[in-house]
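Structure, as structure tokens:
Residue numbers (this note's numbering): 33 to 175.
As structure tokens, this is what we get:
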């Protein structure tokens, strides 16, 4: 029920060249303050089904961003050698010689090991990939 469109709220949309960049915390501060208050104190609401009041608390479940937005919002670097957020320190990157850009390779490891693309070296970068996806970090690993 909580994931139906009628229960979701778009709190902010910042797009294009007018985006605040690293100063996004100024734009987010009022939202953060309100979310903290709604989590700690909640708000009294009426449940029509039970015909009674209850204290509703609010949590931010996830955010949706493009890669540059993710870097600004989370503080995670999305450029350079370790710029792939799902791969983290296990990022397989390749620096292109002619235009000096970084390419992120080796993403077949997110597919099942028997997937046909893992064997298809010709269509990709000439390598056959047979390794597992990076380990998911849990709370104690992040801190």
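Just so it is clear, CB atoms sit at the ideal spot from N, CA and C, and this is done for glycine as well.
By the three-class DSSP mapping on this structure, what secondary structure does residue 66 have? In the chain shown, counting from the first residue as 1, residue 66 sits at position 34. Taken through DSSP and simplified to helix, strand or coil, residue 66 comes out as helix.
Are there 16 or more other CB atoms within 10 angstroms of the CB of residue 116, so buried, or fewer, so exposed? Numbered from its first residue, the chain shown carries residue 116 at position 84. By the 10 Å Cβ count, residue 116 comes out buried.
Check whether the Cβ of residue 129 lies closer than 8 Å to any Cβ atom in chain C. Protein chains in the displayed structure number just one, and chain C is not present.
Thinking C-beta only, is residue 140 closer than 8 Å to residue 124? The residue labelled residue 124 in the question sits at position 92 within the chain shown. The residue labelled residue 140 in the question sits at position 108 within the chain shown. Residue 124 is not a Cβ neighbour of residue 140, given a cutoff of 8 Å.
Pick out whichever of 136, 67, 165, 83 has its Cα sitting closest to the Cα of residue 94. Position 62 of the chain shown, counted from the start, is the residue given in the question as residue 94. A check of alpha carbon separations from residue 94 across 136, 67, 165, 83 identifies 67 as the nearest.
Which full runs of the beta strand (DSSP E) of 3+ residues lie inside the region 89 to 136, going along the chain? Complete beta strand (DSSP E) runs here, min 3: 124 to 127.
So for residue 86, helix, strand or coil by DSSP? Taking the chain shown and counting its residues from 1, the one referred to as residue 86 is at position 54. Looking at residue 86 - three-state DSSP - the assignment turns out to be strand.
Output yes or no for whether 8 Å exceeds the beta carbon distance between residue 157 and residue 137. For the purposes of this step, residue 157 is identified with residue 125 of the chain shown, where counting begins at 1. For the purposes of this step, residue 137 is identified with residue 105 of the chain shown, where counting begins at 1. It is a contact, given that the beta carbons lie within the stated cut-off.
Assigned secondary structure, residue 161 (DSSP; H/G/I helix, E/B strand, else coil): Taking the first residue of the chain shown as 1, we reach residue 161 at position 129. Three-state DSSP puts residue 161 in coil, outside helix and strand.
Only counting the same chain, and skipping five residues up and downstream in sequence, which positions put a Cβ closer than 7 Å to that of residue 127? Position 95 of the chain shown, counting from 1, holds the residue named residue 127. Here the set comprises 134.
Could you tell me the distance, in whole angstroms, from the CA atom of residue 103 to the CA atom of residue 64? Residue mapping note: residue 103 aligns to position 71 of the chain shown, counting from 1. Residue mapping note: residue 64 aligns to position 32 of the chain shown, counting from 1. Taking the straight line joining both Cα atoms gives about 18 Å.
Pick from 159, 155, 165, 61: whose alpha carbon is nearest that of residue 145? Taking the chain shown and counting its residues from 1, one reaches residue 145 at position 113. Of 159, 155, 165, 61, the smallest CA-CA separation from residue 145 is found for 165.
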